[in-house]
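K.L.:
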Amino acid sequence: MLFIHNIISFILHIDEHLNEIIRNFGTWSYVILFLIVFVETGIVIFPFLPGDSLLFAAGALAAAKNAFNLGLLIFVFFAAAVIGDTVNYHIGKTLGTTITQNRWIGRLVKQEKVDQAEKFFNKHGGKTIVIARFMPFIRTFIPFIAGSSRMDYRYFLTYNILGAALWVGLFTIVGYLFGNIPFVKDNFSTIIMAVIVLSILPPIISYVKSRVRRK
Numbered sequence: 032m033l034f035i036h037n038i039i040s041f042i043l044h045i046d047e048h049l050n051e052i053i054r055n056f057g058t059w060s061y062v063i064l065f066l067i068v069f070v071e072t073g074i075v076i077f078p079f080l081p082g083d084s085l086l087f088a089a090g091a092l093a094a095a096k097n098a099f100n101l102g103l104l105i106f107v108f109f110a111a112a113v114i115g116d117t118v119n120y121h122i123g124k125t126l127g128t129t130i131t132q133n134r135w136i137g138r139l140v141k142q143e144k145v146d147q148a149e150k151f152f153n154k155h156g157g158k159t160i161v162i163a164r165f166m167p168f169i170r171t172f173i174p175f176i177a178g179s180s181r182m183d184y185r186y187f188l189t190y191n192i193l194g195a196a197l198w199v200g201l202f203t204i205v206g207y208l209f210g211n212i213p214f215v216k217d218n219f220s221t222i223i224m225a226v227i228v229l230s231i232l233p234p235i236i237s238y239v240k241s242r243v244r245r246k
């Protein structure tokens, strides 16, 4: 429970925690940001780590406090996203969707989440990898599903790179552009909550539609 509480606190007060990371680790902060995005996209049991909000907040801090170099920040996030999805793809290819049958992993990775991602993948094909980048939770499962489905790796890599470029570029640059606006500075936690809500709306809408169709 303490771990979950710390994750929620990090997401809701991500600006404060990023400032703390910068103070304590300096240039090593880039490595920490790389690892967070890599784990969120690359390890299927950690879909709850911050993604969209982290990119936005880091971009905003790069503008407001010159805490990060924008070009280096984008490169670090892009590399983490591409490598993370690649690792996730190979995990799926090796283990398949039976991973959720493991008692310990099954508590962290719910089968219904995997099934939802698989339906989304089957419906949209290769472009799912790009679309899923903008959908928390789903983006962690999609490369895993692509690997377990034996999607051609070169085909997967093309969409992987495109999706990472769009996702990282959009959220980081938008954060950078809005980071110096007084309203954003004064209401940063509220803005982050809005980013999170907007991020999770697509899967919620998709779930509601599927429930309505079933009825």
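The sequence shown begins at 32 in this note's numbering and counts up by one. In this text, a Cβ means the ideal position worked out from N, Cα and C, and glycines have one as well. For clarity, every value in this text was computed on a predicted model and none was experimentally measured.
Buried or exposed: Gly123, going by 16 or more other Cβ atoms within 10 Å of its Cβ?
P.N.:
By one-based count along the sequence shown, residue 123 stands at place 92. Gly123 should be labelled buried.
K.L.:
Rounded to a whole number of angstroms, what is the C-alpha to C-alpha distance between Tyr207 and Ser179?
P.N.:
Indexing the sequence shown from 1 puts residue 207 at position 176. Indexing the sequence shown from 1 puts residue 179 at position 148. Roughly 37 Å separates the two Cα atoms.
K.L.:
So, helix, strand or coil for Val113, using DSSP?
P.N.:
For the purposes of this step, residue 113 is taken as the residue at position 82 of the sequence shown. Three-state DSSP puts Val113 in a helix.
K.L.:
Pick out whichever of Glu51, Phe99 and Ala88 has its Cα sitting closest to the Cα of Tyr61.
P.N.:
Numbered from its first residue, the sequence shown carries residue 61 at position 30. Here the closest residue by C-alpha is Phe99.
K.L.:
Less than 8 Å between the C-beta atoms of Phe152 and Ile173, yes or no?
P.N.:
Sequence index remark: in the sequence shown, residue 152 carries index 121 (1-based). Sequence index remark: in the sequence shown, residue 173 carries index 142 (1-based). For Phe152 and Ile173, yes; Cβs fall inside 8 Å.
K.L.:
Following a CB-centred definition, is Lys158 positioned closer than 7 Å to any heavy atom of the ligand NAP?
P.N.:
Although the ligand NAP was asked about, the structure shown includes no ligands whatsoever.
K.L.:
Whole angstroms is fine: what's the gap from Ala111's alpha carbon to Ile63's?
P.N.:
Within the sequence shown, residue 111 is the residue found at index 80, counting from 1. Within the sequence shown, residue 63 is the residue found at index 32, counting from 1. Approximately 11 Å, taken between the alpha carbons.
K.L.:
Drop a sphere of 10 angstroms on the beta-carbon of Asp217, count the other beta-carbons inside from all chains shown, and report buried for 16 or more, exposed for fewer.
P.N.:
Within the sequence shown, numbered from 1, the residue matching residue 217 stands at position 186. Label assigned to Asp217: exposed.
K.L.:
Under the assumption that Tyr184 contacts Gly157 (Cβ atoms under 8 Å), give the Cβ distance between them as a whole number of angstroms.
P.N.:
Indexing the sequence shown from 1 puts residue 184 at position 153. Indexing the sequence shown from 1 puts residue 157 at position 126. That pair is no contact at about 12 Å.
K.L.:
Residues in the same chain with beta-carbon distance under 8 Å from Phe34, minus the five sequence neighbours each way, listed in chain order, please.
P.N.:
To locate residue 34, count along the sequence shown from 1; it is residue 3. Low confidence applies to Phe34: its pLDDT is 49, below 50, so where it sits in the model is not reliable, and the reading given next is rough at best. Closer than 8 Å at the Cβ level, and outside the excluded window around Phe34, lies no residue.
K.L.:
Which residue marks the beginning of the alpha helix (DSSP H) containing Phe99, and which one marks its end?
P.N.:
Walking along the sequence shown from the start, residue 99 turns up at place 68. Taken as a continuous stretch (DSSP letters only), Phe99 belongs to no alpha helix (DSSP H), as it is neither H nor E.
K.L.:
Which residue marks the beginning of the alpha helix (DSSP H) containing Trp198, and which one marks its end?
P.N.:
Taking the sequence shown and counting its residues from 1, the one referred to as residue 198 is at position 167. Segment Tyr184 to Phe209, the alpha helix (DSSP H) holding Trp198.
K.L.:
Around the Cβ of Trp7, are there at least 16 other Cβ atoms within 10 angstroms (buried) or fewer (exposed)?
P.N.:
Outside the displayed range of the chain (32 to 246) lies residue 7, so it cannot be described from this structure.
K.L.:
Near Gly115, which residues of its chain fall below 6 Å by C-beta distance, leaving aside the five closest residues on each side in sequence?
P.N.:
The count along the sequence shown starts at 1 and reaches residue 115 at position 84. Only Phe69, Thr72 and Gly73 meet the Cβ criterion.
K.L.:
Determine the direct distance from the alpha carbon of Met224 to that of His48, and round the result to whole angstroms.
P.N.:
Position 17 of the sequence shown, counted from the first residue, corresponds to residue 48. Position 193 of the sequence shown, counted from the first residue, corresponds to residue 224. Between His48 and Met224, the C-alpha separation is close to 15 Å.
K.L.:
Got a sec? Which residues, its chain only, sit under 7 Å from Ala88 by beta carbon, not counting five neighbours each side?
P.N.:
Taking the first residue of the sequence shown as position 1, residue 88 is located at position 57. Closer than 7 Å at the Cβ level, and outside the excluded window around Ala88, lie Ile45, Asp46, Leu49, Gly206 and Ile223.
K.L.:
Can you tell me where the alpha helix (DSSP H) holding Thr171 begins and where it ends?
P.N.:
On the sequence shown, position 140 is the one that residue 171 refers to. It spans Ile169 to Ser179 - the alpha helix (DSSP H) in which Thr171 sits, taken as one unbroken run.
K.L.:
Can you check which of these residues, Val215, Ile192 and Val75, is closest to Phe106 by C-alpha distance?
P.N.:
As a position in the sequence shown, residue 106 is number 75, starting the count at 1. Here the closest residue by C-alpha is Ile192.
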